[in-house]
Amino acid sequence: MELILKSDNEDSLAKIIALAKKLNVVIEKKNVDLNETTKNTLKNRILNFKAKEPSSFGDAKKWEQNQRSDRELPFS
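In UniProt numbering, the protein residues as written are 1 to 76.
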């Protein structure tokens, strides 16, 4: 079973963690709180991503035309 607890009160979380340790409950802490600067930086990296080399998949339209050469495609 997995239980997710979220709180801004560090004292309450510390008490819960202490109790969990006494009860031999495994605790995984994930820090997902990002400040606005970090969020904007990540957003800009994603939006402005440029590949360093061409895609290894090639042209999807040409591939599909080759695969379906025995029938007419509606958008060709």
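Cβ coordinates follow ideal geometry from the N, Cα and C atoms, glycine included.
Counting only unbroken stretches of 4 or more residues, the alpha helix (DSSP H) elements lying wholly within the UniProt region "Disordered" (56-76) are 60-67, in sequence order. Distance from the CA of D70 to the CA of E64, rounded to the nearest whole angstrom, comes to 11 Å. Nearest to E28 by C-alpha distance, out of I4, R68 and L34, is I4. Closest in alpha carbon position to K30, among M1, S7, S56 and S55, is S7.
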